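Going down the list, the protein sequences come from chains A and B. Reminder that position 213 of the first sequence reads as 225 in the numbering used here, one-by-one numbering, no gaps. Reminder that position 165 of the second sequence reads as 244 in the numbering used here, one-by-one numbering, no gaps. Encoded as structure tokens, the structure appears first; notes follow it.
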Amino acid sequence: MSAPIIPSRTPVEVALAEAYSAAKPRLPGTAEVVKLREAAFNVFAKAGLPHRRIETWHYTDLRNLMREALPLAPAPSADALATLAKDMRAKGLPPQSLVLVDGVFAKELSAPLPAGVKVTSLASALAEGRGDVIAALSADWAGPKGPKDSIVALNAALMQDGVVIEIAAGTKLEAPIHLIYATASATQAARFSRSALLVGAGASVVLSEESFGAGGRRGQTNNALVMVADDDATVTHTFTSTDTEQGSLRLESFLVKLGGRVNFDSFALITGAGLIRRQIFMLFDGPDAKAALRGVSLLRGREHADTTLFVEHRATGCEGRETFRYILDEESIGVFQGKIRVAPGAQKTDGKMLCNALLLTDLVAMNSKPELEIFADDVACGHGTTCGGLSEEQIFYLRTRGLSYKEAEALLLEAFGGALVDEIPQEEFVTKFRAEIAAWLAARGADA
Amino acid sequence: MLEVKNLNVSVGGKPILKDLNLTVKNGEVAALMGPNGSGKSTLSYVIAGKKEYEVDSGEVLLDGENILELEPDARAAKGLFLAFQYPIEIPGVATMTFLKAALNAQRKQRGEEELSTPDFMKRVKAASDKLGIKSEMLRRALNVGFSGGEKKRMDILQMALLEPSFGILDETDSGLDIDALRIVADGVNALRSPKRSFLIITHYQRLLDYIVPDSVHVMAGGHIARSGGKELAVELEKSGYKDYVDEPALG
């Protein structure tokens, strides 16, 4: 046991330290990577699991909410992979899919990608000691000042595998690449994956993160995705976490660095039981880039969904739009925190952050905290947040036209969530997410 | 036919409508006039089924059936339509989507089959052309960013499509310029039929120059203070409501 001693560690923290010690010899990487893992684990060990006294985790007290540390998922067996392959064929996996099984890249399940795209497993990139990849992966961008986020650090220490997707400069890809989280482990397990999307100058790409079967829907998942977009690149990104199971824990960190004049559009749909924390660290590193982060969270039961953003403007003339919506039913808990920081010299920054929550019962809770920190004097920044119920005036108007209360409510809820979906540039995703929202609402109607 | 019988309504314990009686026969266009605060809009909301009003006693019969116990959507399905004084904006719901949902919801309540899309499109196009509503407007979110005149025309379009047996127009003329007023009035006149009746709530005689009523009722202090023919509106325009305001109420 070489894990450092932490005073008053919780049983879960002890279990995570043991898991790290036990897994260390098997985790991929050169001596340099081993050092990085060790440093990252020390960050985690020092801070422990995030808790309510850590401002950025105030509303998602993981030390209190995480009751056990599940064992690391074993490498998927050949049999399990064969079964999964059969299921995937039956369901019809989208073309251009990259599949991670329990956090491990399964090349044999993945579909070939067109010219201009290079895919490497994270494990092999770490084993080869590829300096550029390691530098990108150990990035610490736009995060809060002071100690690093301990969940990102834990991911860096324990990352088992992932994919590194490199898009050559100037490559224009129209069809989306799907990054699919699947699982083969028969028992509840923990997974740590870290992937990277490295987009060359002037390239354009669409990346969709989704789950297959139980992947990412059960057990404990700690994923990190690092994205570096070079000058003039165009990236569309979508993230789906739906149908997660009761008791599941999903921690998703998205680290984004944007070069000059990059156009970046990202949408996330979150539904499902258990606890999910999604954190985005986005850095505007080059001038005149545009980024839109949007998300819709639909929650019921005792679900807890947290989206926390850190957006750092370090270059001039960039435009950031962060728009998030929540529909909270039954006894669910929503968390939105967003900080826009405009660094000294980042003049002509145009930043707007908005969170709207619809509370459908008296038992839900919404914690919403947008923040602005501006150190430049020629910027246009705004933020806002609203929490409320559906408008009785609107419902009455619709009912006088013949819609029942339920029909009126469903129409308004669908419009509320759908408005953000409609802004996704790809029509196929608009259709897909509209259908997901409609299905969630239909299930809501069926329960009542 | 609509019959309001001895209707008493209060809000938060404060009486607003007091022993109100009013009958509008099939095919009749009745104008309801009266000073601010006399209870005209309250009456329209109570008939349409808005929740915050307490009906203390009385009946509202639509074609002989008391509708006061019905939900607003059930009243709509029975043929009631209220054109709002201020039509409500519904962000995120395309006007076309809403029209189809409304039409089909009413058909469903009446046990009729849903309209096919081509049939629906044909009806919308015919009705919107008459009202000068461009197809671009139908793709936008309902009433969002519409001018006052556009909102009123949109309400009349809904009435044309839903084909109610009884239409209430609550100050449809407020905020309309003379051209918009003419378009809206033409839209209403086109819907006049022996089987359909209207209650037109207005402050001014001007609208009644375009939609000529069969009867005029003056409301004051929460009840009908005087009834007469269309000449009553002309008289009111000259003399004002001063003879009626000795018993004010909220409206």
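No residue lacks a Cβ here, since even glycine has one placed at the ideal position from N, Cα and C. Quantities reported herein were computed from a predicted structural model and do not represent experimental measurements.
Which of helix, strand or coil DSSP assigns to A:LEU191: strand
Any chain B beta carbon closer than 8 Å to A:ARG411: yes
Cα-Cα separation, B:ASP304 to B:ASP98: The sequence given here places Ala at residue 304 of chain B; Asp does not occur at that position. Distance between the alpha carbons of B:ALA304 and B:ASP98 is about 11 Å.
Spatial distance of B:GLY307 from B:VAL297 (CA atoms): 9 Å
Beta-carbon gap between B:LEU248 and B:ILE212 smaller than 8 Å: no
Three CB pairs or more closer than 8 Å across the region 144-153 of chain B and the region 227-241 of chain B: no
Contacting residues, own chain, Cβ-Cβ under 7 Å from A:ALA148 (five flanking each side not counted): ALA208, LEU210, VAL238 and VAL240
Close Cβ partners of A:LEU74 (< 6 Å) along its chain, the five nearest in sequence each way excluded: LEU61 and PRO62
Distance, A:ASP300 Cα to A:GLY274 Cα: According to the sequence provided, residue 274 of chain A is Val. The question's Gly does not apply to it. Taking the straight line joining both Cα atoms gives about 8 Å.
Assigned exposure category for A:GLY350 - 16 Cβ within 10 Å defines buried: buried
The region 191-209 of chain A in contact with the region 222-235 of chain A per 3-pair CB rule at 8 Å: yes
Chain-ordered chain B contacts of A:GLY430 [CB-CB under 7 Å]: GLY171
Candidates A:LEU121, A:ASN368, A:GLY271 and A:GLY231: closest to A:LEU310 by CA position: A:ASN368
8 Å Cβ cutoff, A:LEU402 in contact with chain B: no
Length-filtered (3 minimum) beta strand (DSSP E) runs lying within the region 236-266 of chain A: 246-256
DSSP beta-bridge partners of A:GLN232: A:ALA202 and A:LEU261
Under 8 Å between C-beta atoms of B:SER244 and B:GLY128: no
7 Å Cβ cut-off: residues of chain B touching A:PHE408: LYS129 and PRO151
Residues, ordered as in the chain, of the region 174-206 of chain A that lie near chain B by beta-carbon distance below 8 Å: none
Through-space distance from A:PHE266 to A:PHE293, alpha-carbon basis: 6 Å
Close Cβ partners of B:GLY137 (< 6 Å) along its chain, the five nearest in sequence each way excluded: LYS84, ASN85, LEU86 and ASN87
C-alpha distance - A:ASP244 paired with A:LYS302, whole-angstrom precision: 10 Å
With 16 other Cβ atoms within 10 Å as the buried cut-off, status of A:LEU375: exposed
Where A:ASN167 falls, given that 16 or more other Cβ within 10 Å makes a residue buried: buried
Interface partners of A:LEU149 on chain B, CB under 7 Å: The premise fails here: A:LEU149 is roughly 40 Å from chain B at the closest Cβ pair, so nothing lies under 7 Å.
Unbroken stretches of the beta strand (DSSP E), 3 residues or longer, contained in the region 358-412 of chain A: 362-371, 377-386 and 392-400
Residue from A:GLY272, A:THR72, A:SER216 and A:ALA327 with nearest C-alpha to A:PRO188: A:SER216
8 Å Cβ cutoff, A:ALA427 in contact with chain B: yes
Neighbour flag for B:LEU217 against chain A, beta carbons, 8 Å: no
Beta-carbon proximity check, A:THR319 vs A:ASP341, cutoff 8 Å: no
Neighbour-count burial assignment, A:PHE387, 16 or more Cβ in a 10 Å radius: exposed
Cutoff 8 Å: B:ALA181 Cβ touching any chain A Cβ: yes
Contact the region 398-415 of chain A vs the region 354-361 of chain A: 3+ CB pairs below 8 Å: no
Chain-ordered neighbours of B:ILE44 on chain A, where CB pairs are closer than 7 Å: Only positions 80 to 330 of chain B appear in this structure, which leaves residue 44 of chain B out of reach.
Contact with chain A by B:LEU161, beta-carbon distance below 8 Å: yes
Cβ-based neighbour list, B:VAL108, same chain, cut-off 6 Å, excluding 5 preceding and 5 following: PHE277, PRO292 and ASP293
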